[in-house]
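Below: the structure, in structure tokens.
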Amino acid sequence: MAGPDADFEELFQVEYSSLVRAVFPIVADVGDAEAIVQEAFVKASVRWETVRRFDRPGAWVRRVAIRDAVRHATRRRRPWGLPSPSTGIAESVTDRVDLDRALSRLPARQRAAVVLHHLLGWPAAEVAETLGCAESTVRVHLHRGRTALAAMLTDDAEGVSDGRR
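With the working numbering applied, the sequence shown corresponds to residues 1495 to 1659, in that order.
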């Protein structure tokens, strides 16, 4: 099968799993992450004649999915603690639960910036493009997010050593 439909199917096959892994830490629910990514591909499908002409159609779909995930997370604050669909981010289950709990307390855009940059390794410029803001704004989100996470994780660690947990 050749042509536009094949191009779209190939894009879906190549990008779907990595997009779900990128969206999951933002929305904290695998089902929600899958639904958001699927909806981003539906939007791409509807506009495929335009999207396929972009230099990087996958970047367009990723930007739509991440922005929708941030909107979703902003509207619906969910507790974290669900297992990640990706492995190797945290070294132990306890570390992952602590990180998830702390991340869930960040504002959605800070959480998205921290997850995309620090956990998924995206450059700040790509995070800025995806979130639709200036790179300097991303750096502010990253700084504030790291500062807040450090304080929360330090408090959590002190709670364990004091026997409060």
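C-beta atoms are modelled at their ideal positions from N, C-alpha and C, and glycine is treated no differently. Since the structure is predicted, the reported quantities are computational estimates derived from the model, not experimental observations.
Tell me which residue opens and which closes the alpha helix (DSSP H) that residue i is part of.
i	result
Phe1535	Val1524 to Val1540
His1566	Pro1551 to Arg1569
Ala1602	Ala1602 to Val1608
Leu1625	Ala1618 to Leu1625
Quick one, are the C-beta atoms of residue i and residue j less than 8 Å apart?
i	j	result
Ala1622	Thr1631	yes
Arg1605	Ile1520	yes
Val1531	Tyr1510	yes
Val1540	Arg1603	no
His1611	Leu1643	no
Val1555	Ala1527	no
Asp1499	Arg1546	no
Gly1615	Arg1561	no
For residue i, tell me which candidate among the options has the shortest Cα-Cα distance.
i	options	result
Ala1567	Val1531, Phe1535, Pro1601 and Arg1590	Pro1601
Val1514	Arg1557, Val1540 and Asp1549	Arg1557
Asp1549	Asp1592, Phe1535 and Leu1505	Leu1505
Val1608	Val1634, Arg1546, Val1524 and Thr1544	Val1634
Ala1553	Asp1523, Phe1535 and Val1524	Phe1535
Arg1595	Ala1628, Ala1522, Arg1546 and Val1508	Ala1522
Leu1613	Glu1503, Trp1542, Ser1512 and Pro1551	Ser1512
Using the beta-carbon count (16 or more within 10 Å), is residue i buried or exposed?
i	result
Thr1648	exposed
Val1517	buried
Thr1544	exposed
Asp1589	exposed
Ala1628	exposed
Pro1617	exposed
Ala1559	buried
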